[in-house]
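Working notes for the structure below.
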Amino acid sequence: MTGTREFMNGSSGPLEVLILIGWRDGPLEGILRREGLPDCWYFTLLAERLETSGLDDRIFAVRKLSSPDSAILIDEFGNVGTGMHVWPVVGGTGSNEARRVVDELLSSELGTLHFVVRTRDFIEILDVWDLPSDS
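Residue numbers for the sequence shown follow numbering that gives the first Met the number 0, beginning at 0 and rising by one.
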C-alpha cells in the first residue's frame, strides 16, 4: 500500500511532527515526516481511548502528501531538531508556498486515506493498518 513501508521504516530515522494543526492533550491533526525520507503525511484523529494513568491511546487516519508539496514543507520546516511548528504560522514565519500547501490541505476534503495508525505520541507506533485503495 502507498507509503506504509516507508512510514514504518524506522531505520530511515525517527518520525517527527513538522506542523501541528490541532492539539488537545496530544496531537489531533498535523503533518509529519520520517527523518531522511522525502515524504510528508497528513494525519487526523479518528478515535481515542482516554487513559487515566498515561498518554491517551489514539488512532489516526494518514494520507501521503504529493512529492512537490512534501518538498516545500520539508524545505521550510524540516530542519532536524527545530521541533514542531504550530499552525497557523504566525510572526511572518512560513513562506507563501508553505501556507498555500497547508491552506489547500485544510480546505480540501480528506481525500484518499492510505492507512490508519495507532499511537500515543508518534514516537512509538503501536499498530498500522493498510486501507484498501479505491482502484
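We treat Cβ as the ideally placed atom computed from N, Cα and C, and that holds for glycine.
Residue burial annotation: Ser-69 is buried, with at least 16 other C-beta atoms found within 10 angstroms of its C-beta.
By the neighbour-count definition (other C-beta atoms within 10 Å, threshold 16), Leu-72 is a buried residue. Scanning its chain for C-beta atoms nearer than 7 angstroms, with the 5 sequence neighbours on each side dropped, one finds around Glu-15 the residues Leu-31, Arg-32 and Glu-34, in chain order. Exclusion of the five residues before and after Leu-49 leaves Asp-55 as the residues of its chain whose Cβ lies within less than 6 angstroms of its Cβ.
Under the DSSP assignment, Asp-126 falls in the beta strand (DSSP E) whose first and last residues are 124 to 129. Cα atoms of Ile-18 and Leu-64: separation of roughly 13 angstroms, rounded to the nearest angstrom.
The region 13 to 79 contains, as complete beta strand (DSSP E) runs of 3+ residues, the segments 14 to 22, 26 to 33, 39 to 48 and 56 to 63 (chain order).
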